[in-house]
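Numbering (the numbering used here), first residue to last: 2 to 66.
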């Protein structure tokens, strides 16, 4: 069982799955690039991955996307 993702972490993952860049995600969510990076880092930790592709793949496996 993984730790539950926050709403913002899910928002970021959805946009990752749409192939958006960190900068594009930040603009879309009206937050800074560093905020997006923080959410990504937290989501990666919770999903047990280290890369964007793996995060999206794992989230899909778990039915989060």
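Glycine residues also receive a C-beta, built at the ideal position from the N, C-alpha and C atoms.
Helix, strand or coil at residue i according to DSSP, with G and I counted as helix
i          : result
residue 51 : coil
residue 65 : coil
residue 19 : coil
residue 34 : helix
residue 5  : coil
Residue i burial status per 10 Å Cβ neighbour count (16 or more: buried)
i          : result
residue 28 : exposed
residue 3  : exposed
residue 10 : buried
residue 59 : buried
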